[in-house]
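Student: Have a look at the structure that comes next, please.
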Amino acid sequence: MYPALQSLKSRFAEIDDLRRAASVLHWDMSTHMPQDGTISRGRMIATVEKAAHEKLIEPGVAGLLEETAALPDAILSADDRAFLRLARRQFLRASKIPSGFKAEFFQHMAETYEVWIHARKLNDFNAVAPFLEKTISYSRALSDFFNTGETAWTHPMDPHIEDADPGMTTAGLETLFADLRRDLVPLVRELSSRGRPRTDFLSRAYPKSRQVEFLNWLARNIGYDFNRGRQDLTHHPFMTKLGAGDVRITTRINETNLCDGIFSTIHESGHAFYELGLSPSLDGTILGHGTSAGIHESQSRLWENQVGRSREFWTYFYPHLQTCFPEALGDVSLEEFYCGINCVEPSLIRTEADEVTYNLHVMIRFDIESQLLDGSLQVKDLPVAWSDRYEADLGVRPSSDAQGCLQDVHWYYGGVGGMFQGYTIGNLFSAQCFEAALEAHPEIPEAMMQGNFSTLHSWLKENIYQYGSSLFPQELIHHVTGHDLSSKPFVAYLKRKYL
Ligand code: ZN
């Protein structure tokens with residue numbers, strides 16, 4: 494073994510440990526921590542993250558990267574080559590940002606978040622507008638740090654996208670999204686003109702304790718391993734990986750909204766399957782994580798929508814659900830339930846959107862953040878631009894900013910740019926993936942009707958999960974489908990299901 498490579502690996506393993514330690518703090522904060530612990534916990538997380546960042550940009554790392562760059566590819570294993578590529582990328586990106594900038598930006602984010610909470614409650618966009626302007630300046634400054642050498646860009650949103658979804662660009666996604674929008678807008682119009690299915694039963698009384706019991710049972714029965722994870726309650730569900738044997742999910746219970754818990758559990762299980770299915774050789778290394786935000790989202794959406802909203806899935810699970818909630822579902826047939834959970838309706842709120850309209854919400858935000866960053870849209874004009882676009886794409890117009898441009902936390906606790914594309918990349922790739930899985934194993938739907946997911950799990954593990962971050966997103970997409978990311982399989986899936 495080459496000493497420089499060995500030291501580089503140990504350093505990056507320590508960096509990865511620090512990041513996981515921050516994840517434990519974050520998991521605890523979002524599940525069990527007493528509410529008054531926020532301030533000290535925020536500080537602890539920032540300290541651990543700073544330590545990880547400092548370890549990453551140490552001058553010693555640059556030296557080791559230089560030494561290992563001299564090793565000929567032919568003598569390295571595939572895992573080593575992938576490790577070096579990712580290590581270089583992480584170092585290069587982290588070292589472009591001046592020390593102190595991140596801390597200042599985080600401080601600003603924390604202040605903005607507080608203001609946004611009140612602004613949204615009071616429907617007062619003007620209160621948060623100056624903060625948003627400053628966020629855009631910070632985000633723009635961040636873009637500028639990258640506009641040199643091999644990270645030079647053509648649009649200021651490029652480095653933000655590159656950060657979350659390596660290899661993708663603003664221009665490339667604009668073309669892809671334009672295709673998708675062209676298909677979706679008329680499809681949504683057509684579907685909304687049809688009769689609305691019955692959905693009254695979804696908001697009946699669903700007691701918390703019975704929901705928790707059902708959701709744990711559901712997670713287990715779709716293949717989530719409770720020896721290597723656990724499920725807890727939270728406000729905004731998420732999955733977190735603390736190690737190969739500790740991948741946790743969270744869900745949310747709403748006693749008068751059955752779908753909330755069910756689809757959160759299936760969605761987060763999908764994220765967890767990805768992390769649990771990585772090759773054991775990648776454990777504890779920086780390759781031991783899903784490869785990007787968009788690819789991760791494709792795996793959660795595949796389970797949530799392609800699997801979890803299918804008729805086959807509920808053919809098996811619905812009788813169990815009915816037994817759990819006989820008062821609420823006794824008079825509801827499987828077909829009514831299936832149509833109810835797949836009701837398509839243009840709405841104002843992204844997080845409540847169905848799978849057909851969802852991407853329109855995302856693409857509106859994608860275009861707006863691109864315009865805010867390149868200066869073609871001013872913050873003062875944001876509320877009107879937002880409402881106009883909702884009217885054009887979804888045929889609905891928000892009557893307040895709280896239901897419009899103040900609804901999502903992303904720009905008010907984060908940067909502007911690169912925040913949203915991952916959701917749509919995920920939806921598109923989930924359809925490509927599922928299509929490829931069905932082509933290889935046409936018996937998958939039949940097996941789902943028996944509550945059997947083993948073939949699907951094995952296919953996903955073999956074709957996607959095992960690689961972790963060894964393949965970058967576009968390499969993985971090519972590897973799985975033989976094509977680039979495309980909107981066609983997704984649109985075909987929607988048309989097949991809904992028309
Ligand atoms: Zn997700």
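For the sequence shown, the working numbering assigns the number 494 to the initial residue and increments by one for each residue that follows. For each residue, glycine too, the CB sits at the ideal point set by N, CA and C.
According to the Cβ coordinates, are isoleucine 937 and leucine 921 closer than 9 Å?
Tutor: no
Student: What residue range is occupied by the uninterrupted alpha helix (DSSP H) comprising aspartate 676?
Tutor: 663 to 685
Student: Work out the CA separation of glycine 897 and lysine 614 for me, nearest whole Å.
Tutor: Roughly 12 Å between the two C-alpha positions.
Student: Determine the contact status of proline 730 and threonine 744, defining contact as a CB-CB distance below 9 Å.
Tutor: Taking 9 Å as the Cβ cut-off, proline 730 and threonine 744 qualify as a contacting pair.
Student: Go ahead and pull the three-state DSSP assignment for methionine 732.
Tutor: strand
Student: With distances taken Cα to Cα, identify the nearest neighbour of threonine 692 among Ala612, Asn709, Glu838, Gly944.
Tutor: Comparing C-alpha distances from threonine 692 to each of Ala612, Asn709, Glu838, Gly944 shows the shortest one belongs to Glu838.
Student: What residues are listed by DSSP as bridge partners for glutamine 914?
Tutor: DSSP, once it has assigned bridges, lists no residue as partnering glutamine 914.
Student: Pull up the DSSP beta-bridge partners for valine 740, would you.
Tutor: Lys734
Student: Using the three-state DSSP reduction, which class does histidine 724 fall into: helix, strand or coil?
Tutor: Checking the sequence, you will find glutamine at residue 724 rather than histidine. Reduced to three states, the DSSP call for glutamine 724 is strand.
Student: Please state the DSSP three-state secondary structure of histidine 934.
Tutor: coil
Student: Phenylalanine 830 to glutamate 683, Cα distance in whole Å?
Tutor: 22 Å
Student: If you draw a straight line from the alpha carbon of tyrosine 811 to that of phenylalanine 946, how long is it in whole angstroms?
Tutor: 16 Å
Student: Cβ of arginine 989 within 9 Å of Cβ of methionine 912?
Tutor: no
Student: So for leucine 579, helix, strand or coil by DSSP?
Tutor: helix
Student: Is glutamate 845 near the ligand ZN, judged by its Cβ being under 8 Å from some heavy atom?
Tutor: Incorrect: glutamate 845 has no Cβ contact closer than 8 Å to the ligand ZN.
Student: Tell me the DSSP secondary structure of proline 659 in three-state form.
Tutor: coil
Student: Closer than 8 Å: is that where the CB of histidine 1011 sits relative to any heavy atom of the ligand ZN?
Tutor: Because the chain is modelled from 494 through 992, residue 1011 falls outside the range shown and cannot be assessed.
Student: Drop a sphere of 10 angstroms on the beta-carbon of serine 686, count the other beta-carbons inside from all chains shown, and report buried for 16 or more, exposed for fewer.
Tutor: exposed
Student: If you run the structure through DSSP and keep just helix, strand and coil, what is threonine 692?
Tutor: coil
Student: Could you spell out the range, first to last residue, of the alpha helix (DSSP H) harbouring proline 649?
Tutor: Note, proline 649: premise wrong, no alpha helix (DSSP H); not H, not E.
Student: Any heavy atom of the ligand ZN inside 8 Å of the beta-carbon of serine 863?
Tutor: Between the ligand ZN and serine 863, a heavy atom-to-CB distance of less than 8 Å is absent.
Student: What three-state label does DSSP hand valine 902 in the structure shown?
Tutor: In this structure, valine 902 counts as coil in the three-state DSSP scheme.
Student: How would you label arginine 536, buried or exposed, when you count the other beta carbons within 10 angstroms and need 16 or more for buried?
Tutor: exposed
Student: Specify, as a first and last residue, the run of the alpha helix (DSSP H) that glycine 975 falls within.
Tutor: Per DSSP, glycine 975 belongs to no alpha helix (DSSP H) and is neither H nor E.
Student: Shortest alpha-carbon distance to glycine 556 belongs to which of Ser757, Thr917, Gln528, Leu585?
Tutor: Leu585
Student: Would you tell me roughly how many angstroms separate the C-alpha atoms of histidine 971 and leucine 680, rounded to the nearest one?
Tutor: 28 Å
Student: Which class does methionine 526 belong to by DSSP, given the choice of helix, strand or coil?
Tutor: coil
Student: Have a look at leucine 992 and tyrosine 851 and give me their C-alpha separation to the nearest angstrom.
Tutor: 17 Å
Student: Use the C-beta contact count for lysine 502: other C-beta atoms within 10 angstroms, 16 or more gives buried, fewer gives exposed.
Tutor: buried
Student: Hey, proline 982 and glutamine 914: beta-carbon distance below 9 Å or not?
Tutor: no
Student: Enumerate in chain order the residues of its own chain whose CB-to-CB distance from valine 984 is below 6 Å, with the five nearest sequence positions on each side excluded.
Tutor: Taken in chain order, the residues that qualify are Asp676.
Student: Is serine 923 near the ligand ZN - that is, is its Cβ less than 8 Å away from at least one heavy atom of it?
Tutor: No, Cβ of serine 923 sits at least 8 Å from all heavy atoms of the ligand ZN.
Student: Between the alpha carbons of glycine 944 and isoleucine 715, how many angstroms are there, rounded?
Tutor: 7 Å
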